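Here UniProt numbering is used: the first residue of the sequence shown is 1, the next is one more, and so on.
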Amino acid sequence: MGLLENKDDLKYLVDNLNFKEKVDRSLALIDEAYKRYGEGLVVANSLGKDSVVVWDLAKKVSPKIRGFIVTTRFKPKETKKFMNDEVARYPELKIYANDEADIPDKLYETDPDKCCDILKVEPVRRAVEEMKVSCWVTGLRCTEGRTRTDFREVEERDKDLIKLNPILIWKEREVWQYLALYQIPVNPLYKLGYRSLGCEPCTKITSEDNERAGRWIGTSKCGGECGIHTRPLTNVKGDGI
Numbered sequence: 001m002g003l004l005e006n007k008d009d010l011k012y013l014v015d016n017l018n019f020k021e022k023v024d025r026s027l028a029l030i031d032e033a034y035k036r037y038g039e040g041l042v043v044a045n046s047l048g049k050d051s052v053v054v055w056d057l058a059k060k061v062s063p064k065i066r067g068f069i070v071t072t073r074f075k076p077k078e079t080k081k082f083m084n085d086e087v088a089r090y091p092e093l094k095i096y097a098n099d100e101a102d103i104p105d106k107l108y109e110t111d112p113d114k115c116c117d118i119l120k121v122e123p124v125r126r127a128v129e130e131m132k133v134s135c136w137v138t139g140l141r142c143t144e145g146r147t148r149t150d151f152r153e154v155e156e157r158d159k160d161l162i163k164l165n166p167i168l169i170w171k172e173r174e175v176w177q178y179l180a181l182y183q184i185p186v187n188p189l190y191k192l193g194y195r196s197l198g199c200e201p202c203t204k205i206t207s208e209d210n211e212r213a214g215r216w217i218g219t220s221k222c223g224g225e226c227g228i229h230t231r232p233l234t235n236v237k238g239d240g241i
């Protein structure tokens, strides 16, 4: 049985694998998936620290691996500059946005779920369709926060669309350890104290233990999800799988 079919206990892996073992496992997951899905394997790059690690791991597996970035009209200028720098280095990263959508002023305050659905989920759906994705690779980690404890390394939340979470078992310090060891550029907003990055009006600096506590403060989504990892991406009129 390959890693893609593993049923390993995630808590055990989080607590007992050392840094090198986690890196090797992540590389093996991507490598096995790439051999199976080929050009259908595409990395979703959010430009955050975790995505940057996954992108680097993927490029170690094969420089031919493609990726996509979803941006919005509300991304901080630092993130947009970092995005442009990354695309200049890696033209195989394709940018998707839904900036033409007509939305009410400050929808992110009155209905943040709808705002994320329009500006983030819809472009991901388009990326999956246009890039003919059969396996998308994410930077999800189960140690990030309360909403990310139920994910698996390999999932099929949408029929015929595999989601691979190769660094799911990494801790935050291990992400930074990898970035430091390989001297990988990161979004400059981390230098200001941010731990999880999103759109400017919905991302704050906090002193909470929860990594994602600064997201959507004051709304029902506080510390939660934008919907990319929870909403159907292919069977839009149904319920995913």
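Heads up, the beta-carbon is just placed ideally off N, CA and C, and yes, glycines get one too. From a predicted model like this one, the values you see are computed outputs, not experimental measurements.
Which residues mark the beginning and the end of the alpha helix (DSSP H) in which residue i is found?
i      : result
Phe68  : Element bounds for Phe68: not the alpha helix (DSSP H) but the beta strand (DSSP E), Arg66 to Val70.
Ile95  : Where Ile95 is concerned, there is no enclosing alpha helix (DSSP H), although the beta strand (DSSP E) it sits in stretches over Leu93 to Tyr96.
Ile30  : Phe19 to Tyr37
Leu128 : Correcting the residue type first, residue 128 is Val in the shown sequence and not Leu. Unbroken alpha helix (DSSP H) run through Val128: Glu122 to Glu130.
Asp15  : Leu10 to Asn16
Arg89  : Lys77 to Arg89
Asp56  : Lys49 to Val61
Thr110 : Leu107 to Thr110
Within a Cβ cutoff of 7 Å, which residues of the same chain sit near residue i, ignoring the five residues on either side of it in sequence?
i      : result
Val53  : Gly139, Ile167, Val175, Tyr178 and Leu179
Gly238 : Residue confidence for Gly238 is low, a pLDDT of 46 falling below 50, so the modelled location carries little weight and cannot support an answer.
Leu13  : Ile169
Ser62  : Tyr34
Pro123 : Val70, Tyr96, Ala97 and Asn98
Lys59  : Ile65
Gly2   : Glu32
Leu107 : Lys114 and Cys115
Leu27  : Leu57, Lys60 and Val61
Glu92  : Arg66 and Gly67
Going along the chain, which residues of its own chain have a beta-carbon closer than 6 Å to the beta-carbon of residue i, five neighbours each way excluded?
i      : result
Ile162 : Cys135 and Glu156
Leu119 : Thr72 and Asn98
Ala127 : Phe68 and Tyr96
Lys171 : Thr143
Asp56  : Ile184
Glu200 : Phe74 and Pro76
Tyr90  : none
Tyr37  : Ser134 and Cys135
Gly240 : Because the pLDDT of Gly240 is 38, which lies under 50, any placement of that residue in the model is unreliable, and the number read from its coordinates should be weighed accordingly. Closer than 6 Å at the Cβ level, and outside the excluded window around Gly240, lie Arg157, Asp158 and Pro232.
Over the uninterrupted beta strand (DSSP E) stretch that includes residue i, give me the two end residues.
i     : result
Ala44 : Leu41 to Ala44
Which residues does DSSP pair with residue i in a beta bridge?
i      : result
Arg116 : The displayed chain sequence assigns Cys, not Arg, to residue 116. Looking at the DSSP assignment, Cys116 forms no beta bridge with any residue, so it has no partner.
Cys135 : Leu41 and Ile162
Assuming residue i contacts residue j (C-beta within less than 8 Å), just tell me the rounded distance between them.
i      : j      : result
Arg141 : Asp50  : 6 Å
Thr79  : Leu192 : Going by Cβ atoms, the distance from Thr79 to Leu192 rounds to 12 Å, so no, they are not a contact pair.
Gly40  : Lys159 : With 8 Å as the limit, Gly40 and Lys159 do not qualify as a contact, their Cβ atoms being about 15 Å apart.
Pro104 : Cys202 : About 15 Å separates the two Cβ atoms, so there is no contact after all.
Looking only at its own chain, which residues have a Cβ that is under 8 Å from the Cβ of residue i, when we skip the five neighbours before and after it?
i      : result
Leu17  : Arg25 and Ile169
Val23  : Leu57 and Tyr178
Thr110 : Pro104
### Task
Ignoring anything shorter than 3 residues or poking outside the stretch 153–228, list the beta strand (DSSP E) runs there in chain order.
154–158 and 161–164
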